[in-house]
Amino acid sequence: EPEVTQTPSHQVTQMGQEVILRCVPISNHLYFYWYRQILGQKVEFLVSFYNNEISEKSEIFDDQFSVERPDGSNFTLKIRSTKLEDSAMYFCASSSGGSPNEKLFFGSGTQLSVL
Amino acid sequence: AQSVAQPEDQVNVAEGNPLTVKCTYSVSGNPYLFWYVQYPNRGLQFLLKYITGDNLVKGSYGFEAEFNKSQTSFHLKKPSALVSDSALYFCAVRTMDSNYQLIWGAGTKLIIKP
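Structure (structure tokens):
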């Protein structure tokens, strides 16, 4: 079965530094998502992306966050100036359609640790 | 506020016995219900979904789930557990009020003992 791949699997950074989390969605998918899970908490929606623009974002996704699809295959999440509370597992997902009954395909996540 | 509850942090089942992982939801509007599974060092994998129609839906790896509208539940079941079913299971829901973004339960760790 096709997979969503995420790199790196672990990222350690200093507070205030910029990080870029990378994702390669499934090749024929058109809808892309980022979710995160802080340790011990529920998975939370961050942002959805379609047709080269953000279609939906949560309150978490503030000005420190941005997403980009720079080359037609990668889908990146950038955190401009990381905070301690950004430490979490970040999951990328993609789907072929945008309807509510679509299943999402998830990557294995990037564990971000902000020191 | 919309929410999904998985009341059990962990469920322990002997291999060969039936298993149930519970999920209840509190949303407005018609729910689209999903179960995902996470194996160690792997991403979240889709198991099954309920959109409309038959209340009993069948999914991957022999799992099934029953939608109960009156009890607002969507419990995951399997008639005979395998050790390889041991994983973290997440229930999630999409509704119009969440702009159809997934709202997640906290997850239930399923441990199947040989």
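Same order as they appear, the protein sequences are chains A and B.
Heads up: the first sequence is residues 2 to 116, going by our numbering.
Heads up: the second sequence is residues 111 to 224, going by our numbering.
Beta carbons: idealized from backbone N, C-alpha and C, even for Gly.
> Residue ranges of each beta strand (DSSP E) run of no fewer than 3 residues wholly in the region 38–73 of chain A, ordered along the chain?
Replying inline: 44–51, 54–58 and 66–69
>> Which residues does DSSP list as the beta-bridge partners of A:Cys24?
In response: In DSSP, A:Cys24 forms a bridge with A:Gln7 and A:Phe76.
>> By the three-class DSSP mapping on this structure, what secondary structure does B:Glu176 have?
In response: strand
>> Just to confirm, is the Cβ distance from B:Tyr199 to B:Leu220 under 7 Å?
In response: yes
> By Cβ distance, which residues of its chain are closer than 7 Å to B:Gln197, with the 5 residues on each side in sequence left out?
Replying inline: The identity of residue 197 of chain B in the sequence shown is Ala, whereas the question assumes Gln. Excluding residues within five positions, the ones whose Cβ falls inside 7 Å are Val147, Gln148, Tyr149 and Leu220.
> What residues in the region 150–174 of chain B bring their beta carbon closer than 8 Å to a beta carbon of chain A?
Replying inline: Hits within the stretch, in order: Asn151, Arg152, Gly153, Leu154, Gln155, Phe156, Lys159 and Ile161.
>> On the CB-based measure, 16 or more other CB atoms within 10 Å of its CB, does A:Asp87 come out buried or exposed?
In response: The residue in question, A:Asp87, is buried, as its Cβ has 16 or more Cβ neighbours within 10 Å.
>> Please report the straight-line C-alpha distance between A:Ser96 and B:Asp207, rounded to a whole angstrom.
In response: 20 Å
> When DSSP builds the beta bridges, which residues end up paired with B:Asn122?
Replying inline: B:Asn122 pairs with B:Ile221.
>> Can you tell me which residues form a DSSP beta bridge with B:Val137?
In response: Beta-bridge pairing links B:Val137 to no other residue.
> Roughly how far, in whole angstroms, is the beta-carbon of A:Leu85 from the beta-carbon of A:Val44, given that I think they are within contact range, below 8 Å?
Replying inline: Cβ-Cβ separation between A:Leu85 and A:Val44: approximately 20 Å, too far for a contact (criterion under 8 Å).
> Between the region 44–60 of chain A and the region 5–14 of chain A, are three or more C-beta pairs nearer than 8 Å?
Replying inline: no
> Exposed or buried, B:Ala124, counting other C-beta atoms within 10 Å across all chains shown (16 or more means buried)?
Replying inline: exposed
>> What does DSSP give as the partner residue(s) for B:Thr182 in the beta ladder?
In response: According to DSSP, B:Thr182 bridges with nothing at all.
> Nearest chain B C-beta to A:Lys84 closer than 7 Å, yes or no?
Replying inline: no
> Can you list, in chain order, the residues of its chain whose CB lies under 8 Å from that of B:Asn127, leaving out five sequence neighbours each side?
Replying inline: Ser190 and Ala191
> From B:Pro117, B:Trp145 and B:Ser170, pick the residue whose C-alpha is nearest to that of B:Leu212; which is it?
Replying inline: Looking only at B:Pro117, B:Trp145 and B:Ser170, the smallest Cα-Cα distance to B:Leu212 is reached by B:Trp145.
> Can you tell which of A:Ser109, A:Asn52, A:Ser74 and A:Ile80 has its C-alpha closest to the C-alpha of A:Asp63?
Replying inline: A:Ile80
> Got a sec: is the Cβ-Cβ distance from B:Gln211 to anything in chain A below 7 Å?
Replying inline: yes
> List, in order along the chain, the chain B residues whose C-beta lies closer than 7 Å to that of A:Asn102?
Replying inline: Tyr142, Lys159 and Ile161
> Counting along the chain, where does the beta strand (DSSP E) carrying A:Lys84 start and finish?
Replying inline: No beta strand (DSSP E) contains A:Lys84, which DSSP labels as neither H nor E.
>> Going by DSSP in three states, B:Met206 sits in which element: helix, strand or coil?
In response: helix
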